[in-house]
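Written below as structure tokens is the structure these notes are about.
Residue numbers (my numbering), protein chains in the order written: chain A, 3 to 314; chain B, 341 to 596.
Here is the structure:
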């Protein structure tokens, strides 16, 4: 029964375009899939006990690589997306090998700086990146039927791949090793785990999906600019993960979709959107530090408080 | 033949504090060496240096004739040298089996196919060996329990199982009897004897003299980071300097 549960939303999402083809809502759902996947892939790093502020830049590496290859070299976007993901892995392995000996705030700072450097480079390197105005006229994925529905299904497929692969890895031996490193990297060393290797591996896995979704994004919106990949975008990905609940696999899925859709709904309130959004996040962090996924345990605690007082 | 473990003029400073000073120590294959001394004598520091947790300020450690000083801890384990900790530092939210499997992973990289299919036990027989190990320690009844729910004595045995999963030739035990009941000490002693029969060499740090003297071939005494005695259990318990520094009276040496 519980195993069948994920199929209900899956069937709903698959059948949705049969009932509505409203391009606006399809776009919102595509962006939700993007944000969910980014948050899930960021959580891979969280699983080894580090937080990254550079996820948007990794996504940008995939997006710019694929977009540049398509607009200037004429490479097919499908091949470009693969190349973009590969480039992202290379960047992550290089950066990770240098910096993943650091923990806590130090790694956060390194990734923060990495994101800033990425922004400066794409902002200045006009010949390749188009500078501040970005790359325009990026071709769509060839072979897809015109219209947004085909991108909607492509996003669903990529989402299924992201969720499936990351879930499998987490359940495998590598997942156990990652959690062990998060619990105590010293202890993990002492049972024979090469901690740096497995942290870099986590970073690489995290990066593949950031890069692939970056390429997807470039060939979907067909215009990318440095402002799409700032540190703030990285912080948003962190929010999706943490507000959803980083402890559980479902957390980033809930956080990414709820926050993306909520942002759209709040857009109607005009300039108040940031205020309401900020207030909501503050409330969640104050009363639900474990994120949305901890809602049921938090409610259970509220319900049981009078009882436990009487027995104390 | 070179001894299994050879510690040569090992020195370890922490700032101005000399935790270990010019230590020489040799452990032969198949031996059980006891390492004793008052608190702060440097016993655990010696373990930390041997197992690669600390890089020593000076001196070297040779294992199976090769220098291991400066190697990272995981690389030392792969050569066949494992350790346990004074306080069990297991992954407390993991099951007993997962903890033991982690110990086995040091010898086996996960196979990509197992990873993509989410197979934790894998297809390389690691799980079967882990279960066998749990059975030999009579822990197989708890294989799926989370470690934090186990009593202290069983946690100590799981700690031993994790170390054994890497198939060590030399095992460093940091206070294996601490906090155990008399029955549990008896049980642990039995397992150590059985493992010696299987060819494992031991260095054991322990404060429980009665239990240690029963299993040790040789005992080395540290005081303020220096070796003050090295000999058979009988020689050590009669050594006046050792009695002054650590054992207190003869009654303590013989009993509790």
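The C-beta atom is built at its ideal place from N, Cα and C for all residues, glycine as well.
| query | result |
| --- | --- |
| Three-way DSSP call (helix, strand, coil) for residue 81 of chain A in this model | helix |
| Buried or exposed (CB count within 10 angstroms, at least 16 for buried), residue 514 of chain B | buried |
| N- and C-terminal bounds of the beta strand (DSSP E) containing residue 448 of chain B | Residue 448 of chain B -> no beta strand (DSSP E), and no H or E assigned at all. |
| Nearest residue (CA-CA) to residue 126 of chain A, options A:228, A:265 and A:93 | A:228 |
| Whole runs of the alpha helix (DSSP H) within the stretch 535-570 of chain B, excluding any shorter than 4 residues | 549-555 |
| Contact with chain A by residue 374 of chain B, beta-carbon distance below 7 Å | no |
| Assumed close pair residue 267 of chain A, residue 241 of chain A - CB separation to whole angstroms, cut-off 8 Å | So it is not a contact: roughly 17 Å between Cβ atoms. |
| Whole-number beta carbon distance between residue 248 of chain A and residue 213 of chain A, since they are thought to touch under 8 Å | About 21 Å separates the two Cβ atoms, so there is no contact after all. |
| Span of the beta strand (DSSP E) around residue 294 of chain B | Nothing about residue 294 of chain B can be reported from this structure: the residues present for chain B run from 341 to 596 only. |
| Proximal residues to residue 372 of chain B (C-beta, below 7 Å), its chain only, five neighbours per side dropped | 536, 542, 544, 555, 556 and 557 |
| Contained alpha helix (DSSP H) runs [length at least 4] in the stretch 45-100 of chain A, N- to C-terminal order | 57-70 |
| Residue-chain proximity (residue 429 of chain B, chain A), Cβ-Cβ < 7 Å | yes |
| Any chain B beta carbon closer than 7 Å to residue 91 of chain A | no |
| Unbroken beta strand (DSSP E) run spanning residue 423 of chain B, endpoints | 421-423 |
| Reduced DSSP secondary structure (H/G/I, E/B, other) of residue 532 of chain B | helix |
| Residue 150 of chain A at chain B interface by Cβ criterion, 7 Å | no |
| Beta-carbon separation (whole angstroms), residue 117 of chain A vs residue 182 of chain A, contact threshold 8 Å | Contact flag wrong, Cβ pair sits at about 29 Å. |
| Partner residues on chain A for residue 516 of chain B, Cβ-Cβ distance less than 8 Å | Those within 8 Å of residue 516 of chain B in chain A number zero; the least Cβ separation is about 16 Å. |
| Helix, strand or coil at residue 354 of chain B according to DSSP, with G and I counted as helix | strand |
| beta-carbon residue 381 of chain B near the ligand ZN non-hydrogen atom, thresh 6 Å | Looking at this structure, you won't find the ligand ZN or any other ligand, since it has none at all. |
| Residues that DSSP places opposite residue 24 of chain A in a beta bridge | Residue 24 of chain A is not bridged to any residue. |
| Per-residue burial, residue 496 of chain B [other beta carbons within 10 Å of its own, 16 or more giving buried] | buried |
| Chain B contacts made by the stretch 250-280 of chain A, where a contact means CB separation under 9 Å | none |
| Within-7 Å CB hit, residue 182 of chain A to chain B | yes |
| Members of the stretch 172-200 of chain A near chain B, C-beta cut-off 9 Å | 172, 173, 174, 175, 176, 177, 178, 179, 181, 182, 185, 186, 188, 189, 190, 191, 192, 193, 194, 195, 196, 197, 198 and 199 |
| Touching by the beta-carbon criterion (3+ pairs, under 8 Å), the stretch 45-56 of chain A and the stretch 103-114 of chain A | yes |
| Straight-line Cα distance separating residue 571 of chain B from residue 553 of chain B | 11 Å |
| Identified DSSP bridge partners for residue 407 of chain B | B:402 |
| Where residue 361 of chain B sits in the DSSP three-state scheme | strand |
| Proximity test, Cβ basis, 7 Å: residue 170 of chain A and chain B | yes |
| Residue(s) in a DSSP beta bridge with residue 346 of chain B | B:366 and B:402 |
| Partners in chain A for residue 417 of chain B, counting only beta-carbon separations shorter than 8 Å | 192, 193 and 194 |
| Local conformation of residue 236 of chain A per DSSP, three classes | helix |
| Segment contact, 8 Å Cβ cut-off, at least three pairs: the stretch 374-389 of chain B with the stretch 430-441 of chain B | no |
| Residue 254 of chain A versus A:29, A:44, A:192 and A:7, residue with shortest Cα-Cα distance | A:44 |
| Three-state secondary structure (DSSP) of residue 187 of chain A | helix |
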